[in-house]
Each structure stands twice: as structure tokens, then as C-alpha cells.
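These notes concern the structure reproduced below.
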Amino acid sequence: MKILNALGLASALILLLLLRYLLLSLSFHPEKHSLIKTVLQRNAVYPGFWNTSYSYSDKHLAPTLVTHSQVRNLLLNSFSRNVFAASDADLEFRESPKASHFDMSNEAAKSPERFLRKSASYRSVITSNNLNIDIEIHVFAWRRAKSLNRLLTSVRDADYGHRRDIPLIIHLDANYSKEVESIVESFIWRFGEKSVQRNSAPLGLSNMMTTAWSTPSPSSFAIFLEDDISLSPLYFTFAEWCASSLLLHENNPSKSIIGCSLYTPRLNEISPTHDPQHPPSWSPSTLNITTPLFHFQLPCSWGAVYTGKHWTEFTEYIQWRRTQPSFPAVPESRSNTWNNSWKRYLIEFMYLKNVVLVYPNFPNQTSFSTNHYEEGVHSVKDGDVVRVPDFLREDVDERFTVPLLERTDASRIWESLRKVGLNDILRSLPIVDLQHRLVQGENDGNGLDKLAKNSESFRNNVLQRHLPINQL
Numbered sequence: 060m061k062i063l064n065a066l067g068l069a070s071a072l073i074l075l076l077l078l079r080y081l082l083l084s085l086s087f088h089p090e091k092h093s094l095i096k097t098v099l100q101r102n103a104v105y106p107g108f109w110n111t112s113y114s115y116s117d118k119h120l121a122p123t124l125v126t127h128s129q130v131r132n133l134l135l136n137s138f139s140r141n142v143f144a145a146s147d148a149d150l151e152f153r154e155s156p157k158a159s160h161f162d163m164s165n166e167a168a169k170s171p172e173r174f175l176r177k178s179a180s181y182r183s184v185i186t187s188n189n190l191n192i193d194i195e196i197h198v199f200a201w202r203r204a205k206s207l208n209r210l211l212t213s214v215r216d217a218d219y220g221h222r223r224d225i226p227l228i229i230h231l232d233a234n235y236s237k238e239v240e241s242i243v244e245s246f247i248w249r250f251g252e253k254s255v256q257r258n259s260a261p262l263g264l265s266n267m268m269t270t271a272w273s274t275p276s277p278s279s280f281a282i283f284l285e286d287d288i289s290l291s292p293l294y295f296t297f298a299e300w301c302a303s304s305l306l307l308h309e310n311n312p313s314k315s316i317i318g319c320s321l322y323t324p325r326l327n328e329i330s331p332t333h334d335p336q337h338p339p340s341w342s343p344s345t346l347n348i349t350t351p352l353f354h355f356q357l358p359c360s361w362g363a364v365y366t367g368k369h370w371t372e373f374t375e376y377i378q379w380r381r382t383q384p385s386f387p388a389v390p391e392s393r394s395n396t397w398n399n400s401w402k403r404y405l406i407e408f409m410y411l412k413n414v415v416l417v418y419p420n421f422p423n424q425t426s427f428s429t430n431h432y433e434e435g436v437h438s439v440k441d442g443d444v445v446r447v448p449d450f451l452r453e454d455v456d457e458r459f460t461v462p463l464l465e466r467t468d469a470s471r472i473w474e475s476l477r478k479v480g481l482n483d484i485l486r487s488l489p490i491v492d493l494q495h496r497l498v499q500g501e502n503d504g505n506g507l508d509k510l511a512k513n514s515e516s517f518r519n520n521v522l523q524r525h526l527p528i529n530q531l
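So for the sequence shown, this note's numbering puts the first residue at 60; every next one is plus one.
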């Protein structure tokens, strides 16, 4: 009787295990296979694009935790090989640097653990050189609640990989609206610490921008975002890569590159045209620039990452500059009339220092950020004042609003950036001067000397005003 009872219990246990296995198998729906395929393939090739809706207990294991348990379970059912075969055949995976040497389906079927370990080594060189790079995000707002909500939504939904150490600082000028405060208070930031800086007295955007990042270290970075822009989900990955690959050399900030723009322009905004509200069209293709990046002697206010070294020097310059009752005009630049713009002074600074910003250059000016050109001080005649309404534009001004890069563009974008000559980009990439003229073609290598020659007269005039020499 005891033997029969034992056999009965064993049979019941086996039946329960079979039932559990059946339920587990039925729980994996085809749509989940597609998700896991995407997660696996993106994690294997382009770290930072795994599904960010999962919580990770250990940030160093973030790339594998989302797949580890699910890979093991998926391999138990008959759909597994199809899932991995699809990943292996996926165009994005095939375009990775070492895809031809890695049979994804066979590796995964043999051993999930080995697959996950090996996948980590098949990462594009687009990966940041320093994953612990010090980079923070600054958002500037006042009364445009709907615009701010659109921006913060795009910030929240972007890809940040394993990072949980990214400070987000939201700056609110005095007399901000209750709607803006409500949006800021309810915004959840899962990738680091969120802080809110509220000004008790009105500063204006220019003063907020130039005082927001007060004590950066030379090799730290900050992304500046005004409330009338929105972002590509790839923006942070690009900014982080730019910072670590282009703006640092052996942990020292570049002397000639102050940052990277997220935006590609379609206009020549500084042209001294007779109708400043309708500046002439301009894009990198105007100069037959075909490289995915180029250098431009023009700052970007519609999404950019800047280095701590140059930003500190700029803030010191602007403090001195505002004490000057008169000042030489930058040649051929409408920015001389921008009395309330911080960008005016950064244009002067870059022109004096002969430094440049890296800009992206993809088809149709598709970018990592875009501007919606909503009504504000920048959208009226120079010097005019305007009330800032809280509504989103119903139309699209294609002069300013460019398409955003999507996750489906990742393979093409990273592959093109991988081919950029990173060892000496100041010689290998085109350089465009402030007046939107090409001063260095691809691999020419003498563009910085031409920038210095162009600004020589202006520089000498400024030096006569006793600008501290360390500013130049």
C-alpha cells in the first residue's frame, strides 16, 4: 500500500510538472517572440536599445537581465528556433560589424548562458568609450505647459541603456504657471535624480541658461533643452557617444570642439537678410557635404551637449562681455541684433576662440532633436516683446521642424558613424564657418587656420578692450 501511495504521489507530481510546462508554453504568445527577438538583437549589437520597461536590480547586468530568464523559457517551446532564426536574418543584425561570424540561432539553441555572454562581445564600436561619463540634462521652462509636457515625454521615452545616474535639472523662471508646476511635479525620472530649480525673481532664458551649470568639471558634459523642442529616442545615445568619442581625448576635453548639436539646420539664421523672419534656406547639402557629421562655427540652441571646460570659459566671457558699454560687431551676422539672446554671446565666443560644434548630417536633415518654432521672443522681430501663449502649433513650419530619427534608423545611423575617422576628426570632417561657408572639405585638414584668419580683425579689436587673455 505504501508503494502504491508513493507511486500515486509521484504520478501526481509528474502530472503537475507537465501541466506547469504546458501552461508556460501557452503563455508565450507570438507577439512576445517578436519583442524578445528585438531585445536580443539590439542588445547583442547596439547596447542601450533593450526594452527599458523592465526594472534591473544590478545596473551592470542590465543588458542581460531582460533576456536571461526569457531566453531560457523561450527555448523550451517549439517557436524558439524560429525566433532566433528571425533575429539572425534581421537586416539590422546582419549590418553589425561582426555579424557574419556569429550564428545567433545555433548559439542560442545550444546554450542561453553562452549566447548571452557572447552577445555582449558583439557590440558596435558606437558604444561609449567611457560608460561612467559625467553627463547631465538641463530643461528650461516658464509658461508653455503643453510644450514642456511634449518635451518631457520625449525625454522620458528615450533610450538610456543601463544608466541610472543621469541628473535631470528642470529650471523654472519666476511666475511660472500652475500647469507647468503640475507637469514638473508629476514627472517621474527613472534614470537618475530629478531636481527643480525655481527662480524667485525673473531671470529670462538667457540668464537661466548661463547660470544653470555653475560648477562643471572640465571633462563633464551637459545637455541643454528648451521647452519648444522634442527629441528622438536615440538622442542620449548619440550625445553620450559624441561626448566620449569626439569631445574627450585621453579623458581631456577637446581644445577645438565645444560640443555636439542634436539638430541639423535648414536655414541660415545669422544671414543679414532684409527680412529676418524669412532667412534664406541652407543645409549641409548646399555645400555638398555628404559625411554623417560636420563641424560648424555656430552654436545650437535647439538641443546640444556642451563640455564643462568650454562652458566655464563661456560663462566667464559673458560676465565680462556684459560689462562692455559697446562692442565690435561680428562680421556678417544678424546675431549682433539679438539683445536678449545667450546665443549671441556664444556666437561671439566661438568666433573669437576659433572653436566649432559637431553637427549631424543625415538625409532630409533628420535629427536627434527638432524645434517646433512656437511663439516666443525668438519668433518675432529682433528686440520685440511678445506674450508667450500656451498652445501647440497646429501647423508644421518645415523651415525649423525637421524629422526625428527613430529606433528603426539605429542600424543605418550607427553604421555610418562607425565609419567616421575618429582619430583625427578635425582633419577628416568638413568645417563650415559662421557665415555658412565651407572652409575645409573632407580630409583637407586646414580649416581651423582659415577660421583663425577670418576672425583675426575682430579678435584684435576685442583684445584691445582688455579681455583676459585666458579667455582666448
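Each residue gets a CB set at the ideal place from its N, CA and C atoms; glycine is no exception.
Minimum C-alpha distance to residue i - residue among the options
i, options, result
"Thr374", "Gly251, Val414, Ser360 and Phe408", "Phe408"
"Ala204", "Pro343, Val239, His197 and Leu284", "Val239"
"Glu515", "Leu485, Leu488, Leu411 and Val479", "Leu411"
"Leu526", "Leu463, Phe386 and Ser241", "Phe386"
"Trp397", "Asp216, Pro331, Trp248 and Asn258", "Pro331"
"Ser400", "Met267, Asn502, Tyr418 and Trp370", "Met267"
"Ser315", "Glu391, Arg471 and Gly506", "Gly506"
"Cys319", "His221, Asn420 and Ile247", "Asn420"
"Val461", "Asp218, Pro351, Tyr432 and Asp483", "Tyr432"
"Leu321", "Asp193, Ile196 and Trp361", "Trp361"
"Thr425", "Pro277, Val389, Gly263 and Leu293", "Leu293"
"Ser245", "Ser278, Ser265, Leu211 and Leu262", "Leu211"
"Phe355", "Pro261, Trp379, Ile317 and His333", "Ile317"
Separation of residue j from residue i, as counted between CA atoms
i, j, result
"Gln336", "Asn423", "22 Å"
"Asn513", "Val414", "12 Å"
"Val521", "Pro384", "13 Å"
"Arg381", "Gln523", "16 Å"
"Gln494", "Thr323", "16 Å"
"Arg223", "Trp300", "17 Å"
"Phe199", "Ile242", "13 Å"
"Ser4", "Ser291", "The first residue shown for the chain is 60 and the last is 531, placing residue 4 beyond what the model contains."
"Phe152", "Ala217", "Only weak support is given to the placement of Phe152: the predicted model assigns it a pLDDT of 36, under 50, and the question is left unresolved by the model."
"Phe427", "Pro312", "23 Å"
"Ile228", "Glu195", "8 Å"
"Asp286", "Asn430", "9 Å"
"Ile192", "Phe283", "17 Å"
"Asn395", "Ile406", "9 Å"
"Tyr404", "Tyr365", "15 Å"
"Gly504", "Leu485", "7 Å"
"Thr345", "Arg496", "10 Å"
"Cys359", "Arg477", "24 Å"
"Ser178", "His333", "Reliability of the predicted coordinates at Ser178 is poor, the pLDDT of 42 falling under 50, and the value obtained from them is presented with this limitation in mind. Straight-line Cα distance between these residues: approximately 58 Å."
"Asp456", "Trp248", "31 Å"
Collapsed DSSP secondary structure at residue i in the structure displayed
i, result
"Ala260", "coil"
"Ser470", "helix"
"Ala233", "coil"
"Asn430", "strand"
"Val414", "coil"
"Gln424", "helix"
"Ala200", "strand"
"Ser385", "coil"
"Gln378", "helix"
"Tyr219", "coil"
"Lys253", "strand"
"Pro226", "coil"
"Pro343", "helix"
"His495", "coil"
"Gly367", "helix"
"Ile192", "coil"
Same chain, Cβ closer than 8 Å to residue i, neighbours up to 5 away in sequence not counted
i, result
"Ser340", "Arg325, Leu326, Asn327 and Arg458"
"Phe353", "Pro343, Val417, Tyr418, Asn420, Leu488, Pro489, Ile490 and Val491"
"Val479", "Thr350, Pro351, Leu352, Ser487 and Leu488"
"Phe517", "Pro387, Val389, Pro390, Tyr410 and Leu411"
Cβ neighbours of residue i in the same chain (closer than 6 Å, five flanking residues each side left out)
i, result
"Lys509", "Val498"
"Glu252", "Pro226"
"Arg209", "Ser289"
"Gly367", "Pro275, Ser276, Pro277 and Ser279"
"Pro338", "Leu326, Asn327, Glu328, Ser330 and Thr332"
Close-in-space but distant-in-sequence residues of the same chain around residue i (CB under 7 Å, 5 per side omitted)
i, result
"Thr269", "Thr374, Ile377 and Trp401"
"Trp272", "His197, Ala281 and Trp370"
"Phe250", "Tyr219, Arg222, Arg223 and Ile225"
"Ile348", "Asn420 and Pro489"
"Glu391", "Pro331 and Gln494"
"Gly500", "Pro489"
"Asn310", "Ser278"
"Ala511", "Asn413"
Contact with chain E by residue i, beta-carbon distance below 8 Å
i, result
"Tyr322", "No chain E is present in this structure, which holds just one protein chain."
Would you call the region 219 to 233 and the region 252 to 272 in contact, with 3 or more CB pairs under 8 Å?
Per the Cβ contact rule, the region 219 to 233 is in contact with the region 252 to 272 (3 or more Cβ pairs under 8 Å).
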